[in-house]
Each structure stands twice: as C-alpha cells, then as structure tokens.
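In mature numbering (1 follows the signal peptide of the UniProt record, and there is no 0), the protein residues as written are -32 to -1, 1 to 282.
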C-alpha cells in the first residue's frame, strides 16, 4: 500500500512537471511568434510575426496590402476602400476618421493598420487595451509613401514583394524627374474644390507631387497644410495651370468652367489650362500615387510626353 502511494505521488509529480514544461514551451512559442516594433508615430507595439487577420482603417492602406500580396489576409476595411475590386466586398468597419470598434472586435483581427489622419487616439487606445495591436502610418511625402509600402510589407510578412513594388515606384519617379529635367517650372494650383478653394501647402505629399512633376505650388509656405484661398488671392498668385481633383475626372464641369471664366486675369484661365484629375491617384498615399505623378506631369508639361499613350511609365 505504501509503495502504491509513493508511485502515485511520483506519477502526479511527473504530470505536474510535464504540465509546467508545456506551459513554459507554449509561452516561449507565443513569444517567439511575436515581435516588438515602432510605428510611424513612434509608438512601440507588439505584433504577430506573421499576421493572419488584418483590418485596414484607410483606403490607401487597403491598396498597399493588396499591392504587396497580402489581400487574402485582410478581413475588414474602412468605408471607401474601393480599390482593388476585391476590396469592395470585404466587411466594412466604419470610416478612417470614425472606425467602428465593435465591428472591428467582431472580426477578431490580430493586427489593425491605421493612419494618423483624423483624431482616433481614443479608438486606437481602446483596441490596444483589448489586446489588438494597432500600427499607425503617417507618410507626408512621396519617399514616405514608398517607405510605408516597405514597412507594411515587412509587417505582414511580404517584405520581398513590397521591396519589388517600392523599387518599381522609385524607377518610375526617376523617369519623371528625367523627363522634366531642364524644363521651366510652371506655377500650379492643385485644389479639392472651387467653392471654397481648398488647396495643399508644404508638408503634404501633394506638394511633393507638384515639385517632382516640374511645378511650383502657389500654396507652398502656408502655415496650415490645407489652406483656403479667396479668388482674389488666386489672382494675385497667378497660377499658370489649375488642376482640380475629382472623383469623376474628364472634362471640367461646365459650372466650374463658368466660375473660373470670370477671372481672365489668371494665366491658367487665359490660356485654357484648367484640368481635372482622378482624386484617388493624387489624394491617396498608395502605390497608385505614381500614376497620379505621371498624369500630373503630363498636364503640367505635355512636351515631356511626346509619344502619347498611358501614363503608367511602362
């Protein structure tokens, strides 16, 4: 009897030791499958080594994820994530400014990627409290967009694909620089709307686009990133080209033409150089920003593209 009790105690002890070892190994495995990184806002977060369920909180992030080959990992996206086509059918989790936390939690993501635009600090903090890591991006120029592509690629275990994409973007930008080299820079107004006239100042990637495309941003140097101008101020700044971003690019709307036509003292109006451009390719900091650069360059310097054809740089 005494011997049997001793054997039972020994067996129990062995089971306890095995259980403890399994717990330690599980914890070690979990730790090994995670890593600590710093996002673009300087926040240190712990993320999975290879995320499987990703929620995108901005259309440009959605575009980057699909472009680097991580589309199959995306389980939720923000409203207006309409590119590529495959993103349209994914569950929506609110807007990039006002994300729906309840919907995000329901999707059980192991990684959320957000932008610094909009005041989402409380929502981000809440998600972090719930154990959902949030990586925040904040590109402010073209090189920053390319670096964001690389960072997101590494973040979602698509580093090679992202590097290939980033280098392709850099090659196309270099081609634009070569095309406009030596050409006289033109004064440009790039605007979201006519009434009111809202444009982009220094410290924005749109300002960087204008500079690379061989233009001079008439709003550069303003104290706010997205200043509002009166028509009188536009007359004083005398843009040679006016480009209006729109969700329906093509011929300039008759109403907008009528508004501008009253101000023939503006060089762009006098010369008929008022154009529209697809807002998605100049207002979203995504890989398609290079398409926007080509199109903008063609509008500013048509002489740099004598061959005609697509603006894809190929």
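For each residue, glycine too, the CB sits at the ideal point set by N, CA and C.
Query, Result
"CB contact flag (residue 177, residue 110, <8 Å)", "yes"
"Beta-ladder partner(s) of residue 197, from DSSP", "165"
"Distance between beta carbons of residue 15 and residue 2, contact taken as under 8 Å", "7 Å"
"Per DSSP, cross-strand counterpart(s) of residue 4", "14"
"Cβ shell of residue 41 (< 8 Å), same chain only, five flanking positions each side left out", "19, 20, 21, 22, 33 and 124"
"Contained alpha helix (DSSP H) runs [length at least 4] in the segment 10 to 77, N- to C-terminal order", "27 to 35 and 69 to 74"
"Cβ-Cβ distance between residue 211 and residue 261 below 8 Å", "no"
"Alpha helix (DSSP H) segment containing residue 183, residue limits", "Premise fails: residue 183 lies in the beta strand (DSSP E), 183 to 185, not in any alpha helix (DSSP H)."
"For residue 80, the first and last residue of its enclosing alpha helix (DSSP H)", "Segment 79 to 83 is the beta strand (DSSP E) holding residue 80; no alpha helix (DSSP H) there."
"3 or more residues per run - each beta strand (DSSP E) lying fully within the segment 87 to 128", "102 to 105"
"Reduced DSSP secondary structure (H/G/I, E/B, other) of residue 192", "coil"
"Local Cβ density within 10 Å of residue -7, reported as buried at 16 or more and exposed below that", "Confidence is the limiting factor: at residue -7 the pLDDT is only 41, short of 50, which leaves the residue's position unreliable and the question unanswerable from this model."
"Exposure label - residue 264; buried when at least 16 CB within 10 Å", "buried"
"Length of the line joining the Cα atoms of residue 26 and residue 83", "7 Å"
"For residue 190 and residue 169, believed in contact at Cβ under 8 Å, the rounded distance", "4 Å"
"Distance, residue 17 Cα to residue -2 Cα", "Note that residue -2 has pLDDT 46, beneath the 50 cutoff, so the model's placement of it is unreliable and the number below is only indicative. Cα to Cα, the separation comes out at about 10 Å."
"Helix, strand or coil at residue 159 [DSSP, three-state]", "strand"
"Minimum C-alpha distance to residue 329 - residue among 12, 244, 269 and 8", "In the structure as shown, the chain starts at -32 and stops at 282, and residue 329 therefore has no counterpart that could be examined."
"N-terminal and C-terminal residue of the beta strand (DSSP E) that residue 213 is part of", "209 to 214"
"Residue 265 (DSSP reduced to helix, strand or coil)", "helix"
"Helix, strand or coil at residue -4 [DSSP, three-state]", "Only weak support is given to the placement of residue -4: the predicted model assigns it a pLDDT of 43, under 50, and the value that follows is read from those uncertain coordinates. Of the three classes helix, strand and coil, the one that applies to residue -4 here is helix, per DSSP."
"Exposure label - residue 152; buried when at least 16 CB within 10 Å", "exposed"
"Exposure label - residue 98; buried when at least 16 CB within 10 Å", "exposed"
"Sufficient close CB pairs (3 or more, under 8 Å) joining the segment 64 to 72 to the segment 85 to 102", "yes"
"Element boundaries [alpha helix (DSSP H), containing residue 234]", "That residue, residue 234, is in no alpha helix (DSSP H); it is neither H nor E in DSSP."
"The segment 132 to 144 contacting the segment 246 to 259, beta-carbon criterion three pairs below 8 Å", "yes"
"Whole-number beta carbon distance between residue 251 and residue 214, since they are thought to touch under 8 Å", "Not confirmed; about 10 Å, so no contact."
"Residue environment, residue 53, which counts as buried when at least 16 other CB atoms sit within 10 Å", "exposed"
"Buried or exposed by the 16-neighbour rule on C-beta atoms within 10 Å, applied to residue -12", "Low local confidence applies: a pLDDT of 42 at residue -12 is under 50, so the model's placement there is unreliable, and no value is given."
"Pair within 8 Å by beta-carbon distance, residue 286 and residue 60", "Outside the shown range of the chain, which is -32 to 282, sits residue 286, and nothing can be said about it."
"Boundaries of the beta strand (DSSP E) in which residue 172 is found, first to last residue", "Segment: none, residue 172 is in no beta strand (DSSP E) and carries neither H nor E."
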